[in-house]
Amino acid sequence: MSKTAACPIVTIDGPSGSGKGTISRALARKLGWHLLDSGALYRLVALAGSTAGLARDDVSGHAALARRMGASFKVGPDGGERITLDAQEVTSAIRSEEAGQGASRVAAWPAVREALLARQRAFAEPPGLVADGRDMGTVVFPAADLKIFLTATPRERALRRHKQLKDKGSDVSLPALSREIAERDLRDQTREVAPLKAAPDACVIDSTALSVEAVVQRVLELGAARRLWP
Ligand code: C5P
Numbered sequence: 629m630s631k632t633a634a635c636p637i638v639t640i641d642g643p644s645g646s647g648k649g650t651i652s653r654a655l656a657r658k659l660g661w662h663l664l665d666s667g668a669l670y671r672l673v674a675l676a677g678s679t680a681g682l683a684r685d686d687v688s689g690h691a692a693l694a695r696r697m698g699a700s701f702k703v704g705p706d707g708g709e710r711i712t713l714d715a716q717e718v719t720s721a722i723r724s725e726e727a728g729q730g731a732s733r734v735a736a737w738p739a740v741r742e743a744l745l746a747r748q749r750a751f752a753e754p755p756g757l758v759a760d761g762r763d764m765g766t767v768v769f770p771a772a773d774l775k776i777f778l779t780a781t782p783r784e785r786a787l788r789r790h791k792q793l794k795d796k797g798s799d800v801s802l803p804a805l806s807r808e809i810a811e812r813d814l815r816d817q818t819r820e821v822a823p824l825k826a827a828p829d830a831c832v833i834d835s836t837a838l839s840v841e842a843v844v845q846r847v848l849e850l851g852a853a854r855r856l857w858p
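Count along the sequence shown from 1, then add 628; that gives the number in my numbering.
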């Protein structure tokens, strides 16, 4: 979490559907750096809680799971992500909108956020880290070398999530999805601990009218200007 040459850190924060995941993955691949998908960790905590039969409001139970759950992030032979929770394959299970809602509920609890801090910081390993989330530049890696805050209009974000879910075979109506995203954004922005907001030193990129390649290019230019890469 420091401005060291050994492990440079780029943080990419923003609301749901702003393209953080896609951009972070593309950037990490391009640079050969590690990737932290912090949202997946919150999704795993919510899933672990429901698998263990915890009450929805059991804060300390969820915090204990956040500390001890076995989470692994790997790239499969086809190049796709493979996520396991205590050795169970959960790659697609954690991507549902329901899992996102569960994640946003447990993410509002300070004890859960605290329990995930060390786990997230452990991802910072040479040659570098791209960290994707809501509080990467504000709380988890405040000394990151480059901080990006990615936005897009609510309509564009809902359309992107809709397409993503549809491609995965999930049939959610666009109006319902727009409502759920608005609800999740509001909860993420108004919670007391680590609310979703741009760090004062973040570079804001509005991706509404930009392709993935154009956003990655912009981030590469910003990093090059800071001499993070050639
Ligand atoms: O990014 P993703 O949609 O997977 O995140 C799911 C939820 O996890 C978010 O809506 C947010 O509530 C929570 N989250 C968070 N802090 C992060 C990443 C995700 O609170 N760094």
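C-beta atoms are modelled at their ideal positions from N, C-alpha and C, and glycine is treated no differently.
Assigned exposure category for residue i - 16 Cβ within 10 Å defines buried
i, result
"Asp685", "exposed"
"Gly871", "A question about residue 871 goes unanswered here, because the residues of the chain that appear run from 629 up to 858."
"Gly681", "exposed"
"Gln748", "buried"
"Gly660", "exposed"
"Ala842", "exposed"
"Arg723", "buried"
"Arg812", "buried"
"Ala827", "buried"
"Ala746", "exposed"
"Ser646", "buried"
"Lys794", "exposed"
"Pro858", "exposed"
"Ala863", "In the structure displayed, the chain extends from 629 to 858; residue 863 sits before or after that span and is not available."
"Arg785", "buried"
"Ala853", "exposed"
"Glu717", "exposed"
"Pro643", "buried"
"Ala634", "exposed"
"Ala804", "exposed"
"Arg807", "exposed"
"Gly698", "exposed"
"Ser688", "exposed"
"Thr766", "buried"
"Val623", "One cannot answer for residue 623 here, as it falls past the ends of the chain, which runs 629 to 858."
"Asp816", "buried"
"Lys648", "buried"
Endpoints, the alpha helix (DSSP H) within which residue i is located
i, result
"Leu745", "738-749"
"Leu655", "648-659"
Residue range of the unbroken beta strand (DSSP E) whose run includes residue i
i, result
"Gly730", "It is not in any beta strand (DSSP E) - Gly730 instead sits in the alpha helix (DSSP H) that spans 725-734."
"Ala772", "Element bounds for Ala772: n/a, residue is neither H nor E."
"Asp710", "Correcting the residue type first, residue 710 is Arg in the shown sequence and not Asp. 709-713 is the span of the beta strand (DSSP E), which, as asked, contains Arg710."
"Asp760", "757-761"
"Val638", "637-641"
"Leu663", "662-665"
Quiz item: Which parts of the segment 674-707 are runs of the alpha helix (DSSP H), unbroken and 4 residues or longer, counting only runs that do not cross its ends?
Solution: 687-696
Quiz item: What runs of the beta strand (DSSP E), each 3 residues or longer, lie entirely inside the segment 774-842?
Solution: 774-779, 831-834
Quiz item: With contact counted as at least three CB pairs below 8 Å, one residue from each stretch, are the segment 775-790 and the segment 636-650 in contact?
Solution: yes
Practice problem: Determine, using beta-carbon pairs with one atom in the segment 785-803 and one in the segment 719-736, whether at least three such pairs fall under 8 Å. | Solution: yes
Quiz item: Between the segment 748-764 and the segment 820-839, do three or more beta carbon pairs fall short of 8 Å?
Solution: yes
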